[in-house]
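Number of protein chains: 2
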Amino acid sequence: MRSEVLAAVEAELAEHGYDGLTIDAVAVRSGVHRTTLYRRWKSVSGLLVDLLEAGADDAWEPADTGSLEGDLIAVNREVQAALTARPSVTQAVIAASFRTPEAAEALTRFWDDRYRRTAVLVARAVDRGELPAGVDAHQLLLTATGPVYHQLVLLRQPMSRAQADHHARIAAKAFAAARAADLP
Amino acid sequence: MRSEVLAAVEAELAEHGYDGLTIDAVAVRSGVHRTTLYRRWKSVSGLLVDLLEAGADDAWEPADTGSLEGDLIAVNREVQAALTARPSVTQAVIAASFRTPEAAEALTRFWDDRYRRTAVLVARAVDRGELPAGVDAHQLLLTATGPVYHQLVLLRQPMSRAQADHHARIAAKAFAAARAADLP
Numbered sequence: 016m017r018s019e020v021l022a023a024v025e026a027e028l029a030e031h032g033y034d035g036l037t038i039d040a041v042a043v044r045s046g047v048h049r050t051t052l053y054r055r056w057k058s059v060s061g062l063l064v065d066l067l068e069a070g071a072d073d074a075w076e077p078a079d080t081g082s083l084e085g086d087l088i089a090v091n092r093e094v095q096a097a098l099t100a101r102p103s104v105t106q107a108v109i110a111a112s113f114r115t116p117e118a119a120e121a122l123t124r125f126w127d128d129r130y131r132r133t134a135v136l137v138a139r140a141v142d143r144g145e146l147p148a149g150v151d152a153h154q155l156l157l158t159a160t161g162p163v164y165h166q167l168v169l170l171r172q173p174m175s176r177a178q179a180d181h182h183a184r185i186a187a188k189a190f191a192a193a194r195a196a197d198l199p
Numbered sequence: 016m017r018s019e020v021l022a023a024v025e026a027e028l029a030e031h032g033y034d035g036l037t038i039d040a041v042a043v044r045s046g047v048h049r050t051t052l053y054r055r056w057k058s059v060s061g062l063l064v065d066l067l068e069a070g071a072d073d074a075w076e077p078a079d080t081g082s083l084e085g086d087l088i089a090v091n092r093e094v095q096a097a098l099t100a101r102p103s104v105t106q107a108v109i110a111a112s113f114r115t116p117e118a119a120e121a122l123t124r125f126w127d128d129r130y131r132r133t134a135v136l137v138a139r140a141v142d143r144g145e146l147p148a149g150v151d152a153h154q155l156l157l158t159a160t161g162p163v164y165h166q167l168v169l170l171r172q173p174m175s176r177a178q179a180d181h182h183a184r185i186a187a188k189a190f191a192a193a194r195a196a197d198l199p
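In order, the protein sequence lines correspond to chains H and S.
Here the first sequence stands for residues 16 to 199, where the numbers follow our numbering.
Here the second sequence stands for residues 16 to 199, where the numbers follow our numbering.
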């Protein structure tokens, strides 16, 4: 039942945004009775939090392309695609995080988990000798992904896949070229 | 009158956030009658939009430190300070941009203007021979500022001034080292 309900939450969120998300619409779309939804998830905010927690339970891991640059390009393409999808569940969840503290906390936990999992690509690059040991994986991932999120979410301007690729390359080259002591 | 009203909007926004911003509170704080506020600004959203438009009218320009790296560090320090101020007007305005389309559009125009003005530091670096001609100033500024915004606004995690400095250095070095054809 949980997966059907969460699929309905995702679809409603994508179509109508957080403001248009209602327990009744989720009930109709999922075929689960509204009384059951209220009992288990309590509110629209509870549904959103559970959607993000389910995301943290999944088997997602970053692609292993064999190079730091390739791995970062794959990450940035995933981010760029998620943020430019029409409709975009990711954009709807981000908007929701500015509405309720519960959504903000759930999104912080979700991303914390995703960035931790993505750090494996930095460890692989260190093992291959592409990066100096001691590189701060999170700061490297911020260098690659931060410009994509900033442009598409906060500045609300376009960013092509090619530009997202370039930001991945900048991050790979900057961190590969630096001595560890010079890095954030 | 406008500057007194907007100073009151800024103070109320910083203290109570967009959800706590009311015409009545702005009237009390500014000493301007609520009827006047309603006539000229129509709504809370109208006050916020005017605050951002006033920001686009000001004389702000980026510091001229004599080097690309120094200029970018100054920009990133300003961003980091604005986002970590307690209370932060910038964070409140960003949150408001996810509440009303008018606020989102006003913030997009405000940042568009700020990034355009900041591009002068890239032109200066090209003139000094620090950067190849044809560099995309906006992509360079995104490389520096994007990680700071992403970490402090969307990921809701700390970023020190030293880390913000490092992201400025990464941007300066990456764009100075590249041939123009390799850049986003």
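Cβ atoms here follow ideal geometry from the backbone N, Cα and C, with glycine treated the same way.
Keep in mind the model is a prediction, meaning the values are calculated, not measured.
Item	Value
M16/H: which of S58/H, A179/H, G85/H and G46/H sits nearest, CA to CA?	G46/H
Taking beta-carbon pairs under 9 Å, can you tell me which members of the segment 85-114 of chain H lie near chain S?	I109, A110, A111, S112, F113 and R114
Please determine, among A110/H, W75/H, R139/H and T50/H, the residue with the shortest C-alpha to C-alpha distance to G85/H.	R139/H
Take the Cβ of S58/S as the centre, count every other Cβ of all protein chains shown within 10 Å, and call the residue buried at 16 or more, exposed below.	exposed
Report the residues of the segment 152-176 of chain S with a CB closer than 8 Å to any CB of chain H, ordered along the chain.	Q154, L157, T158, T160, G161, P162, V163, Y164, H165, Q166, V168, L169, L170, R171 and Q172
Measuring alpha carbon to alpha carbon, tell me which of P162/H, A69/H and Q172/H ends up nearest A183/H.	P162/H
To the nearest angstrom, report how far apart L155/H and L146/H are at their CA atoms.	11 Å
Over what stretch of residues does the alpha helix (DSSP H) that includes S201/H continue unbroken?	This structure cannot speak to residue 201/H, because chain H is shown only from 16 to 199.
Can you find a CB in chain H that lies within less than 9 Å of the CB of L122/S?	yes
Please say whether H31/H and A22/H have beta carbons closer to each other than 9 Å?	no
Consider the Cβ of W75/S: report whether some Cβ of chain H lies at a distance smaller than 9 Å.	no
Counting only beta-carbon separations shorter than 9 Å, does D127/S have a partner in chain H?	yes
Would you kindly work out how many angstroms separate the C-alpha atoms of D127/H and A152/S, rounded to a whole number?	31 Å
Rank A193/H, A74/H, N91/H and Q172/H by C-alpha distance to the C-alpha of A148/H and give the top, closest one.	A193/H
From the beta carbon of K188/S, is the nearest beta carbon of chain H less than 9 Å away?	yes
Can you list, in chain order, the stretches of the alpha helix (DSSP H) that have 4 or more residues and sit fully within the segment 39-104 of chain S?	49-56, 59-72 and 83-99
Do W56/S and D65/S have their C-beta atoms within less than 9 Å of each other?	yes
Between A119/H and E68/H, is the Cβ-Cβ spacing less than 9 Å?	no
For the putative contact between L157/H and H165/S, defined by C-beta atoms under 8 Å, what is the C-beta separation to the nearest angstrom?	6 Å
To the nearest angstrom, how far is the alpha carbon of D79/H from that of V141/H?	14 Å
So, helix, strand or coil for P116/H, using DSSP?	helix
I need the straight-line Cα distance from V43/S to A111/S, nearest angstrom please.	22 Å
DSSP on V163/H, reduced to helix/strand/coil?	helix
What number of angstroms, rounded off, separates the C-alpha of L170/S from the C-alpha of R176/H?	22 Å
Within the same chain, show all residues whose beta-carbon is closer than 7 Å to that of I38/S, passing over the 5 residues directly before and after it, in chain order.	R49, L52, Y53 and V59
So the candidates are A96/H, A26/H and D73/H; which of them puts its Cα closest to the Cα of D180/H?	A96/H
Can you name the residues of chain S whose CB is closer than 9 Å to the CB of H182/H?	Q154, L157, T158, G161 and P199
Give the residues of chain H in contact with A71/S, contact being defined as C-beta atoms less than 9 Å apart.	Per Cβ cutoff of 9 Å: no residues; A71/S is ~15 Å from chain H at best.
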